[in-house]
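Report on the following structure.
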Amino acid sequence: MALIDSFRPEDRPAVEALYRRVFGNDAAEASRLRWDWQYTRNPNNPPTGPAIWIAREGPAVVGQYATMPVKLSVKGEEIDASWGMDVMVAPERQRQGLGEVLFGTWDQHTGASLGLGLSLASSRLFKKLRWPDVGPVPCLVKPLTRRALRQPTWSVGLNRVVSAVTLPIVKVAGRVRRLDRTPEIVRRFDASFDRLWERVAPKFEFAVRRDAAYLQWKYIAPPHVRYIVAVLRRDGEADGYVVYRHVQEPRGRVTLLVDFLADPDDHETVSSLVAWVDREAREADSDKIRTFATHALFRKALRAAGYFQVKSSVEFVARINAVPVGPDFYKSTDSWHVTFGDSDQDR
Ligand SMILES: CC(C)(COP(=O)(O)OP(=O)(O)OC[C@H]1O[C@@H](n2cnc3c(N)ncnc32)[C@H](O)[C@@H]1OP(=O)(O)O)[C@@H](O)C(=O)NCCC(=O)NCCS
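Have a look at this one:
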């Protein structure tokens, strides 16, 4: 019978070896590159260090549930919560109940257990354990060129036909909007971002606390990706920000609008930020812009700017333990703020 307890620094080689067996060499290399940043430098970590549960059999590590602690604003109250990630059980021990024990241990020790972008196996297990399923996180895409609708699974011929047929729509949706205010590119989230968060947090029923320390760690410090951060200010105070990067995908270039924050009722700031990302995407020669957003007002502003809601693959589960919420809380995420920047989706 496996014993579940906390990660110790001397577990690192065994955890890495297990990761390699379960997820393969490339994923293990990528995880190694970001591990210190992800698990030891998180400003929300408890003083005891990384929040990782380990399943042991004697001296062997046979499973883990790693987590990313965050502060979560839920209906106006701030609680300790964590995103679950990098959950794994040794192949010869899978489907014997160990995953269930790991999921349960994590859940008992956090104010809210949150999961984003699940594998088929973990999604089935969350369902079996009856975690509220609130996902997927809506995905929105703005086409900028005729290559925007290409699909890697389609033939070259089909891709050409679709590009030609949809070109008029792309031309209308992708046109450049007027930019009323120009944001500033920053490499440091200063104290005005703390004040922005304090001002806007009450607008969301559910959102991870996006204060300066969290944002600096999440979007400036990562060793594996480089983001651009643009902020709109008024009298020196941050009104809103966007975090984005440009990536080459198999069928074209994509600008990922990874995270953003503003008062959802401040249309002027939201639309100026969205228009800025358009400019940047064109400058970078992107074929489309992709983003994920739960909040209804943000999605409305994005649709008004030429984005289309498409099928999303980012599944989302959440269970709030620290405050009573009731089953209705999970019925709609229209007033929640969750983006692709949450958890460790963008890796
Ligand atoms: C996800 C994982 C940690 C679950 O651990 P586990 O010890 O196998 O889970 P349990 O034995 O407690 O629970 C089994 C349940 O999980 C789900 N499940 C586990 N493996 C599955 C698979 N390969 N396909 C579909 N469902 C699966 C099923 O609901 C299953 O119930 P069932 O056996 O009654 O159908 C483990 O399967 C694993 O390491 N998978 C590979 C890595 C992975 O996908 N990690 C998740 C990243 S988000």
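Just add 67 to wherever you are in the sequence shown, counting from 1, and you've got the working numbering.
In this text, a Cβ means the ideal position worked out from N, Cα and C, and glycines have one as well.
In this structure, DSSP gives Leu-246 a state outside helix and strand, which the three-state scheme calls coil. Beta-bridge analysis with DSSP links Leu-323 to Arg-312 and Arg-357. Asn-92 counts as exposed, since fewer than 16 other C-beta atoms from the protein chains shown sit within 10 angstroms of its C-beta. Between Met-155 and Val-89, the beta carbon gap of about 4 Å places them in contact (Cβ cut-off 8 Å). Proximity to ligand 1 was defined by a C-beta distance below 6 Å to any of its heavy atoms, and the residues meeting it, in sequence along the chain, are Val-89, Val-154, Met-155, Val-156, Gln-161, Arg-162, Gln-163, Gly-164, Leu-165, Gly-166, Glu-167, Leu-185, Ser-186, Leu-187, Ala-188, Ser-189, Arg-191, Leu-192 and Lys-195.
If you check the CB distance, Arg-276 and Lys-378 do not come in under 9 Å. In this structure, the straight-line span from the alpha carbon of Ala-118 to that of Arg-75 is close to 10 Å. Between the region 356-371 and the region 199-208 there are three or more inter-stretch CB-CB distances shorter than 8 Å, so the stretches are counted as touching. Contact between the region 262-281 and the region 311-320 is absent: fewer than 3 CB-CB pairs across the two stretches fall below 8 Å. In the three-state DSSP reduction, Arg-123 falls in the strand class (E or B). About 5 Å separates the Cβ atoms of Thr-400 and Val-201, confirming a contact at the 8 Å cut-off. Leu-181 carries a strand assignment under DSSP once its states are collapsed to helix, strand and coil. DSSP places Gln-376 inside the beta strand (DSSP E), whose first and last residues are 375-377. By the criterion of at least three beta-carbon pairs nearer than 8 Å, the region 319-339 is in contact with the region 348-357.
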